[in-house]
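Chemist: After the structure tokens below, expect a handful of questions from me.
2 protein chains.
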Amino acid sequence: MPIKRSALARETTTSEAETFPQGEPLPVGGRREAGKAERRRTIIKAARELIRETGNAGLSMRALAARAGVSLATPYNLFGSKRAIVVAMLQDVREFHELFSARRPTDPIDRIFTALDTAIELYLGDPPFYRTLWTAVFDAGEGVREEILGPKGDAFWRGLVDEAAAAGALREGVNPNFIGQYLDFIRRSAMFEWAVGLIPAERLAATARLGYALILAGAVTDDRRANLVAAVADAQSCLA
Amino acid sequence: MPIKRSALARETTTSEAETFPQGEPLPVGGRREAGKAERRRTIIKAARELIRETGNAGLSMRALAARAGVSLATPYNLFGSKRAIVVAMLQDVREFHELFSARRPTDPIDRIFTALDTAIELYLGDPPFYRTLWTAVFDAGEGVREEILGPKGDAFWRGLVDEAAAAGALREGVNPNFIGQYLDFIRRSAMFEWAVGLIPAERLAATARLGYALILAGAVTDDRRANLVAAVADAQSCLA
DNA sequence: CTCTTTTTGGTAACATGTTCTAAATTTCAC
DNA sequence: GTGAAATTTAGAACATGTTACCAAAAAGAG
Numbered sequence: 001m002p003i004k005r006s007a008l009a010r011e012t013t014t015s016e017a018e019t020f021p022q023g024e025p026l027p028v029g030g031r032r033e034a035g036k037a038e039r040r041r042t043i044i045k046a047a048r049e050l051i052r053e054t055g056n057a058g059l060s061m062r063a064l065a066a067r068a069g070v071s072l073a074t075p076y077n078l079f080g081s082k083r084a085i086v087v088a089m090l091q092d093v094r095e096f097h098e099l100f101s102a103r104r105p106t107d108p109i110d111r112i113f114t115a116l117d118t119a120i121e122l123y124l125g126d127p128p129f130y131r132t133l134w135t136a137v138f139d140a141g142e143g144v145r146e147e148i149l150g151p152k153g154d155a156f157w158r159g160l161v162d163e164a165a166a167a168g169a170l171r172e173g174v175n176p177n178f179i180g181q182y183l184d185f186i187r188r189s190a191m192f193e194w195a196v197g198l199i200p201a202e203r204l205a206a207t208a209r210l211g212y213a214l215i216l217a218g219a220v221t222d223d224r225r226a227n228l229v230a231a232v233a234d235a236q237s238c239l240a
Numbered sequence: 001m002p003i004k005r006s007a008l009a010r011e012t013t014t015s016e017a018e019t020f021p022q023g024e025p026l027p028v029g030g031r032r033e034a035g036k037a038e039r040r041r042t043i044i045k046a047a048r049e050l051i052r053e054t055g056n057a058g059l060s061m062r063a064l065a066a067r068a069g070v071s072l073a074t075p076y077n078l079f080g081s082k083r084a085i086v087v088a089m090l091q092d093v094r095e096f097h098e099l100f101s102a103r104r105p106t107d108p109i110d111r112i113f114t115a116l117d118t119a120i121e122l123y124l125g126d127p128p129f130y131r132t133l134w135t136a137v138f139d140a141g142e143g144v145r146e147e148i149l150g151p152k153g154d155a156f157w158r159g160l161v162d163e164a165a166a167a168g169a170l171r172e173g174v175n176p177n178f179i180g181q182y183l184d185f186i187r188r189s190a191m192f193e194w195a196v197g198l199i200p201a202e203r204l205a206a207t208a209r210l211g212y213a214l215i216l217a218g219a220v221t222d223d224r225r226a227n228l229v230a231a232v233a234d235a236q237s238c239l240a
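Line by line, the protein sequences give chains E and X.
Under the numbering used here, think of the first position of the first sequence as 1, with each following residue one higher.
Under the numbering used here, think of the first position of the second sequence as 1, with each following residue one higher.
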């Protein structure tokens, strides 16, 4: 049983006057923390390159350390485990949020589906890379899964459902937290099956959409139900 | 990349006149296959004991071989991998089918829920054991997941949905294969979250039932929908 | 600048899943 | 029964994730 380290400490940067791109945490530490952040970035970059070049199997800690030009111990000091490195890569959602905010629709239910499509397009834009990541997520041992699974890792997706509830799109008495949970189940299961090769890329989006539509059709108010029944039929015809 | 062996060869027994309990495959091989089957059973039994005594972490291949009184290579010859052993344990559904056939209701939708309840009661009857198994299932590397995930491993559950479709319980145009797939997603996700500790035992059954009810409420004919909406409310109140 | 604390480098070590080899054993076919 | 084929055994070996240890280097405080 591995010792639980304080992995994933927040990134920090130097206190010198620099311009930080959006999304960077505020610079709190001194040069020491800056060096750590730099090394963390180097390691992540090396991991991306290794996955791209050699595929899933090439991402061993020794190869990663060599590629990043650090010692084997350093990734463990900075991340705690190999899984934490993979999770850090998967949680780098900057690109997703850029894509999503560029097309964010107003209807809350549409927004849920659009977010789903956006994420899947992102993944399918670099299959070997994201396939490796999703596979590694489910290979994670105990104690680390909570960081990407569970409510914390899915906060964004739960928020979308909350917005739909606030807009009165959900049937009375239906708890949006639960709906969000099942949408997460669907999304994760679909990603997992795609990652291990049970679902081909062409069917991934429709598979996830159909699951979403089924769940939402069971939860939505009657006036919106027709739309979702249509979405079910739509997704099914894509899969036929 | 591990070599794919012909793991999980069917069990066989001697050709002598014995009385076989139901569920045993017909005796095709000779003494050789009988010995293999015997050894397989010994290994599975040793694995059960090891999990019960030492928990998840105690199930190492070396410990297992020692406990079963065989060499380290033998489990690999007979099963192919550690995962295959775990999967074999989880797929030993004799007990489940006994429990389920004792209470099989006539309504096809009821049958789906009853099967779910039965499986969960079985798992919750021996949490440390089944928790270990379910955890190990998702720790499985590539190439073996197909044996327990995917349509093959879930044939029984898909059959229940097919029965419901044959009985006219599903809305026209809804493909029962897809419904079955999403019910599998829900069930597996719920079991997984329970296995890793994200869902407590008291909430497992209601969590799975609510997901089932939501999916089915989106797929069922209008005359049955009221029942499932009620099931949603029911399960939600259990979780409140 | 000097001293202290933190972190890395480098390396060995450990546990584990898995494969491999050769010898011994068992089963099968005749 | 006898020879051929399959299987087990014992042990070594390999790759990997992970931890431990210590010396060197870097950063911070004064």
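A virtual CB, placed ideally from N, CA and C, is assigned to each residue, including glycine.
Is the beta carbon of LEU183/E less than 9 Å from the beta carbon of TYR212/E?
Modeler: As a first step, residue 183/E is located in the first sequence; it is residue number 183 there, counting from the start. As a first step, residue 212/E is located in the first sequence; it is residue number 212 there, counting from the start. In this structure, LEU183/E sits near TYR212/E, with a CB-CB distance shorter than 9 Å.
Chemist: Which of the three DSSP states is assigned to VAL220/E in this structure?
Modeler: Reading the first sequence from its first residue, position 220 is the one you call residue 220/E. Here VAL220/E sits in strand by DSSP.
Chemist: Here's the rule I'm using: 16 or more other beta-carbon atoms within 10 Å means buried, otherwise exposed. How should LEU214/E be labelled?
Modeler: Within the first sequence, numbered from 1, the residue matching residue 214/E stands at position 214. Around the beta carbon of LEU214/E, 16 or more other beta carbons sit within 10 angstroms, so the residue counts as buried.
Chemist: For the region 127-134 of chain E against the region 50-62 of chain E, do three or more pairs of beta-carbon atoms, one drawn from each stretch, fall closer than 8 Å, so that the two count as touching?
Modeler: They touch, by the three-pair rule.
Chemist: Does DSSP classify LEU239/E as helix, strand or coil?
Modeler: Position 239 of the first sequence, counted from the start, is the residue given in the question as residue 239/E. It is helical.
Chemist: Which residue or residues does DSSP assign as beta-bridge partners of LEU170/X?
Modeler: Position 170 of the second sequence, counting from 1, holds the residue named residue 170/X. In the DSSP assignment, LEU170/X is bridged to VAL220/X.
Chemist: Going by Cα to Cα distance, which pick from PRO108/X, PHE138/X, VAL196/X is closest to ALA165/X?
Modeler: Position 165 of the second sequence, counting from 1, holds the residue named residue 165/X. The shortest Cα separation from ALA165/X among PRO108/X, PHE138/X, VAL196/X belongs to PRO108/X.
Chemist: Is the CB of GLN181/E under 9 Å away from at least one CB in chain X?
Modeler: Counted from its first residue, the first sequence places residue 181/E at position 181. Yes, GLN181/E lies at the interface with chain X (some Cβ there is under 9 Å from its Cβ).
Chemist: Does the beta carbon of VAL70/E come closer than 9 Å to any beta carbon on chain X?
Modeler: Taking the first residue of the first sequence as 1, we reach residue 70/E at position 70. Not an interface residue.
Chemist: Kindly confirm or deny that the region 168-178 of chain X and the region 215-224 of chain E touch, where touching means at least three C-beta pairs closer than 8 Å.
Modeler: no
Chemist: Does PRO75/E pass the burial test, meaning 16 or more other C-beta atoms within 10 Å, or should it be called exposed?
Modeler: For the purposes of this step, residue 75/E is identified with residue 75 of the first sequence, where counting begins at 1. By the 10 Å Cβ count, PRO75/E comes out buried.
Chemist: Would you mind stating whether ILE120/X and ALA231/X have Cβ atoms separated by less than 9 Å?
Modeler: Here the question's residue 120/X lines up with position 120 in the second sequence. Here the question's residue 231/X lines up with position 231 in the second sequence. Their beta carbons are not under 9 Å apart, which means ILE120/X does not touch ALA231/X by this criterion.
Chemist: Which residues in chain E sit within 9 Å of LEU170/X, going by Cβ to Cβ distance?
Modeler: Working through the second sequence from its first residue, we reach residue 170/X at position 170. Those within 9 Å of LEU170/X in chain E number zero; the least Cβ separation is about 11 Å.
Chemist: Does DSSP put GLN91/X in a helix, a strand or coil?
Modeler: Residue mapping note: residue 91/X aligns to position 91 of the second sequence, counting from 1. Reduced to three states, the DSSP call for GLN91/X is coil.
Chemist: Can you pull the chain X residues whose beta carbon is under 7 Å from the beta carbon of ALA164/E, in chain order?
Modeler: The residue labelled residue 164/E in the question sits at position 164 within the first sequence. In chain X, no part has a C-beta under 7 Å from the C-beta of ALA164/E; the shortest such distance is about 14 Å.
Chemist: Just to confirm, are PHE185/E and PHE113/X a CB contact at a threshold of 9 Å?
Modeler: Position 185 of the first sequence, counting from 1, holds the residue named residue 185/E. Position 113 of the second sequence, counting from 1, holds the residue named residue 113/X. Taking the C-beta atoms as reference points, PHE113/X is found no nearer than 9 Å to PHE185/E.
Chemist: With a Cβ-Cβ cutoff of 9 Å, do PHE192/X and VAL93/X count as a contact?
Modeler: Residue 192/X sits at position 192 when you count from the first residue of the second sequence. Residue 93/X sits at position 93 when you count from the first residue of the second sequence. Not a contact, by the Cβ cut-off of 9 Å.
Chemist: Answer with yes or no whether the minimum CB distance from GLY218/E to chain X is below 9 Å.
Modeler: The count along the first sequence starts at 1 and reaches residue 218/E at position 218. Yes, GLY218/E counts as interfacial toward chain X.
Chemist: Assess contact between the region 96-107 of chain X and the region 76-86 of chain X, defined as three or more Cβ pairs (one per stretch) separated by less than 8 Å. Is contact present?
Modeler: Verdict: no, contact absent.
Chemist: Determine the DSSP secondary structure at ALA233/X, reduced to helix, strand or coil.
Modeler: The count along the second sequence starts at 1 and reaches residue 233/X at position 233. In this structure, ALA233/X counts as helix in the three-state DSSP scheme.
Chemist: Taking all protein chains shown into account, decide if SER189/E is buried (16 or more other Cβ within 10 angstroms of its Cβ) or exposed.
Modeler: For the purposes of this step, residue 189/E is taken as residue 189 along the first sequence, with counting starting at 1. Buried: at least 16 other Cβ atoms inside 10 Å.
Chemist: In this structure, how does DSSP classify VAL137/E when only helix, strand and coil are distinguished?
Modeler: Within the first sequence, the letter at position 137 stands for residue 137/E. It is helical.
Chemist: Mind checking which residues open and close the alpha helix (DSSP H) that includes ASP110/E?
Modeler: For this step, residue 110/E is matched to residue 110 along the first sequence. Segment 108-124, the alpha helix (DSSP H) holding ASP110/E.
Chemist: Could one say the Cβ of VAL161/X lies closer than 9 Å to chain E's Cβ atoms, at least one of them?
Modeler: Taking the first residue of the second sequence as 1, we reach residue 161/X at position 161. No, VAL161/X lies away from the interface with chain E (no Cβ there is under 9 Å from its Cβ).
Chemist: Considering just the uninterrupted stretch of the alpha helix (DSSP H) at ILE199/X, what are its terminal residues?
Modeler: Position 199 of the second sequence, counting from 1, holds the residue named residue 199/X. Taken as a continuous stretch (DSSP letters only), ILE199/X belongs to no alpha helix (DSSP H), as it is neither H nor E.
Chemist: Name, please, each residue of chain X whose Cβ falls closer than 7 Å to the Cβ of GLN91/E.
Modeler: Looking up residue 91/E in the first sequence gives position 91. Near GLN91/E there are no residues of chain X at all, since even the closest Cβ is about 18 Å away, more than 7 Å.
Chemist: Against chain E, does SER81/X count as a neighbour if the rule is that its beta carbon must be under 9 Å from one of theirs?
Modeler: Start at 1 with the first residue of the second sequence, and residue 81/X comes out as number 81. So, not an interface residue.
Chemist: Less than 9 Å between CB atoms is the rule here; does VAL232/E satisfy it with respect to chain X?
Modeler: As a working mapping, residue 232/E is identified with position 232 in the first sequence. So, interface residue.
Chemist: CA-CA distance, ALA68/E and ALA84/E?
Modeler: As a working mapping, residue 68/E is identified with position 68 in the first sequence. As a working mapping, residue 84/E is identified with position 84 in the first sequence. Whole-angstrom Cα-Cα distance: 16 Å.
Chemist: Which of helix, strand or coil does DSSP assign to PRO128/X?
Modeler: Here residue 128/X is taken as the residue at index 128 of the second sequence, counted from 1. Of the three classes helix, strand and coil, the one that applies to PRO128/X here is helix, per DSSP.
Chemist: Could you compute how far the alpha carbon of GLN91/X sits from the alpha carbon of SER60/X?
Modeler: Taking the first residue of the second sequence as position 1, residue 91/X is located at position 91. Taking the first residue of the second sequence as position 1, residue 60/X is located at position 60. Each residue's alpha carbon lies about 20 Å from the other.
Chemist: So SER189/X contacts chain E; which residues on that side make the cut at Cβ distance below 7 Å?
Modeler: Stepping through the second sequence from its first residue, residue 189/X is reached at position 189. Those are PHE185, ARG188, SER189, listed as they occur along chain E.
Chemist: Straight-line CA distance for ILE43/E to THR221/X?
Modeler: Indexing the first sequence from 1 puts residue 43/E at position 43. Indexing the second sequence from 1 puts residue 221/X at position 221. Across the structure, ILE43/E and THR221/X are spaced so that their CA atoms are roughly 54 Å apart.
Chemist: For LEU214/X, return the contacting residues in chain E, with the cut-off set at a CB-CB distance below 7 Å.
Modeler: By one-based count along the second sequence, residue 214/X stands at place 214. Those are TYR182, ILE215, GLY218, ALA219, listed as they occur along chain E.
Chemist: Using CA atoms only, rank isn't needed, just tell me which of PHE96/X, ALA46/X, ARG225/X is closest to ALA66/X.
Modeler: Locating residue 66/X in the second sequence gives position 66, counting from the first residue. Selected option, being the one with the closest Cα: ALA46/X.
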